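Numbering (this note's numbering), first residue to last: 590 to 1057.
One structure below.
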């Protein structure tokens, strides 16, 4: 396996480095307390965010003390961590603003050869606005605004870190995919009162989850190991994850509900397949589309299930209406599987689980280099790329660099001028001809670097990425 890129979290004491570390690795590995100086030694953990694996180092708070003192030795450890890292994440406390020690750390980091990403933690609400403005003067560009405790802004943080941590494997290098015999990690998500816990109880055959007519009973994401009795024979392992209902962000005011929603989103990050459960008595709403879009942005495979089908009225027109609305609302992915189920009676559950296994198989699919490039040649011959300004875009070859979700790199010249519509054509053709169906597909374009472009990257290829 290739060495994972490393992100070192640095900053003065008590700005929230350890809560951010815990959030990125997905576990409460680092001790967190209101008192400064809890972290002394570097702590490392593996992180998996939006399909990218990397290492995170939590470092001690940087203090201006004599090198022989304990704080001084802690500072040396932090300096070593930054030197070893691929990127340093410089964290400020947005509520406290920029203090003299932050400015000293900034001067030290500017002298480092390690790339720097600036983040303002505790930036939720108005209390952190002034600190974010002050951070601009440090010279590291626009700071990422986040709040590590509830998990707000993690998507924005990933976008800032991505150029330094999203390292594709070499074309001839195979990464170790998880076996398809491993338990299916299946998260059930949706709006409150869609019947998620009732459905899980029906799957398990026991009242494992508390249910009732009140919305929002489930607060934590609960993971349960289950052996699905396959109608074809035998059993297949499933790790079911029941999650809290997700309402529109504007309606979420209670702190506990915010934490519950953040936990549900965290469950999506670690799932392989996500079932978006809709209430058939209410139909499809805008919030359902927002949840579906979030799942696809995370690169998870998506299956949509209409629950309470046993009491739905005008079933045929309802099903066709939902399918049409999904085609319009999820234009980036056509043909997402739509099932009908009933948590009350158990109808459709076996078909739903089988669809989830089939979707995971497509999500984990790897295409051989020969087959992939034969498809590539056919696609280009059937619909050649345009020639903007009279200059032809040359598409040389394509390779699959990872799975889960399927990710591809196309190499060529002037590919930065390739219209988004042509990229969609390639992805849609790939889905149809290579058997990827409606799972998310990541497409990266690479062109030789122009050595006379002062603003370009320092060596290698220029990279352009579009998520489809």
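C-beta: ideal position from N, C-alpha, C; glycine also.
Values in this document were obtained by computation on a predicted structure and should not be read as measured data.
Going by DSSP, residue 903 is part of no alpha helix (DSSP H) at all; its letter is neither H nor E. Counting only residues of its own chain and dropping the five nearest sequence neighbours on each side, residue 594 has a CB closer than 6 angstroms to the CB of 643, 675, 754, 756. Taken atom to atom, the span from the alpha-carbon of residue 738 to that of residue 609 is near 7 angstroms. DSSP places residue 928 in the strand class (E or B) of the three-state scheme. Boundaries for residue 729: no beta strand (DSSP E) harbours it, and the DSSP string shows neither H nor E there.
Apart from sequence neighbours up to five positions away, the residues of its chain that approach residue 687 with a beta-carbon distance below 8 angstroms are 681, 720, 723, 724, 726, 727, ordered along the chain. Assigned with DSSP and collapsed to three states, residue 835 falls in coil, not helix or strand.
Look at residue 825 here: in three-state DSSP terms it is strand.
Taking the Cα of residue 740 as reference, the smallest distance to any Cα among 989, 891, 711, 884 is reached at 711. Contact annotation: residue 1036 and residue 1003 have beta-carbon atoms nearer than 8 angstroms.
Within the model, the alpha-carbon separation for residue 900 versus residue 831 is close to 23 angstroms. A straight-line Cα-Cα distance of about 46 angstroms links residue 865 and residue 979. One thing to note: residue 772 has its Cβ within 8 angstroms of the Cβ of residue 814. For residue 889, the closest C-alpha among the options 871, 856, 699 is that of 856. If you draw a straight line from the Cα of residue 898 to the Cα of residue 1008, it is about 42 angstroms long. Exclusion of the five residues before and after residue 615 leaves 636, 637, 855, 858, 859 as the residues of its chain whose Cβ lies within less than 8 angstroms of its Cβ.
DSSP, reduced to helix, strand and coil, places residue 1032 within a strand of the structure shown. By the Cβ neighbour-count rule, residue 975 is exposed, with fewer than 16 other Cβ atoms within 10 Å of its own. Within a 10 Å sphere around the beta-carbon of residue 977 sit fewer than 16 other beta-carbons, which makes this residue exposed. Residue nearest to residue 881 within the set 929, 953, 893 is 893 (criterion: CA-CA distance). Excluding sequence positions up to five before and after residue 733, its CB lies within less than 6 angstroms of the CB of 708, 745, 746, 749, all in the same chain and listed in chain order. Rounded to whole angstroms, residue 597 and residue 647 show a C-alpha spacing of 6 angstroms. Per DSSP, reduced to three states, the secondary structure at residue 772 is coil, with no helix or strand assignment.
Nearest Cα to residue 600 within the set 633, 677, 669, 779: 677. Residue range 811-818 is occupied by the beta strand (DSSP E) that includes residue 818. Taking all protein chains shown into account, residue 867 has 16 or more neighbouring C-beta atoms within 10 Å of its C-beta and is therefore buried. Nearest to residue 908 by C-alpha distance, out of 743, 872, 924, is 872. Looking at 613, 833, 605, the one whose alpha-carbon comes closest to that of residue 649 is 605. If you check the CB distance, residue 923 and residue 1024 do not come in under 8 angstroms.
When DSSP states are grouped into helix, strand and coil, residue 946 belongs to the helix group. In this structure residue 918 does not touch residue 929 by the C-beta definition: roughly 19 angstroms separates them, more than the 8 angstroms allowed. Annotation for residue 754: the continuous alpha helix (DSSP H) segment containing it runs 743-754.
Beta-carbon to beta-carbon, residue 1028 and residue 948 are separated by about 6 angstroms, close enough to satisfy the 8 angstroms threshold.
According to the DSSP assignment, residue 702 belongs to no alpha helix (DSSP H), since it is labelled neither H nor E. Judged by beta-carbon spacing, residue 869 lies beyond the 8 angstroms limit of residue 891, meaning their Cβ atoms are not closer than that value. With contacts defined as CB atoms closer than 8 angstroms, residue 640 and residue 995 fail to qualify as a contacting pair.
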